[in-house]
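In this text, residue positions in the sequence shown follow this note's numbering: the first is 325, and each later residue adds one.
Ideal Cβ placement from N, Cα and C applies to all residues, glycine included.
Every value quoted in this text rests on a predicted model; they were computed, and no experiment measured them.
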Amino acid sequence: MTSLSRVIKSIQAQNESTDKKTIQLKMIHTENSLNTLQKQSQDIEELTRHAINEANDIKHQAQHELEQAREEIDQMRQALEIERNNLFESTKLEAYQIGFNEGRDEAQRQYSQYIQEAIDVVNETKKKISSTCSKR
325 MTSLSRVIKS IQAQNESTDK KTIQLKMIHT ENSLNTLQKQ SQDIEELTRH AINEANDIKH
385 QAQHELEQAR EEIDQMRQAL EIERNNLFES TKLEAYQIGF NEGRDEAQRQ YSQYIQEAID
445 VVNETKKKIS STCSKR
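Structure below.
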């Protein structure tokens with residue numbers, strides 16, 4: 325008697341031998357592919373270096389422009405400070421002159437009567453002296 329497991333195994337072995345496929349091997353040109361990959365890698369590295377250099381140039385240019393802008397702002401600030409001081413001084417001088425002139429004019433108005441009286445007294449005195457001298 326043949327065991328059932330032997331029969332199943334032999335059927336499976338026959339099926340396995342007929343289901344086998346043959347795979348052909350292909351030649352891969354690894355040297356060419358490797359060269360292409362190396363070239364691509366070098367191109368990427370070159371592009372990266374170029375991009376980094378360009379970014380650094382842009383950064384330096386921006387820093388230079390920022391420094392120039394700061395210097396220009398400082399110069400403008402100093403010019404405004406000088407102009408403010410000059411305006412303050414000229415306004416102060418003008419205000420002093422106006423005040424002086426107004427004070428002088430007010431003093432002349434207040435004392436013009438006294439001055440006229442003094443002039444009249446001087447003239448009267450001259451006349452009296454003249455008449456006294458002429459009588460002698």
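Check, Outcome
"C-alpha distance - residue 389 paired with residue 383, whole-angstrom precision", "10 Å"
"Distance, residue 431 Cα to residue 291 Cα", "The question about residue 291 has no answer here: the residues shown for the chain are numbered 325 through 460."
"Contacts around residue 411, its chain only, beta-carbon distance under 7 Å, and the 5 residues preceding and following it disregarded", "none"
"Secondary structure of residue 347, DSSP reduced to three states", "coil"
"Cutoff 8 Å: residue 348 Cβ touching any chain D Cβ", "No chain D appears in this structure, which consists of one protein chain only."
"Residue 393 versus residue 380: straight-line alpha-carbon distance, rounded", "20 Å"
"Backbone CA spacing between residue 366 and residue 395 [nearest angstrom]", "43 Å"
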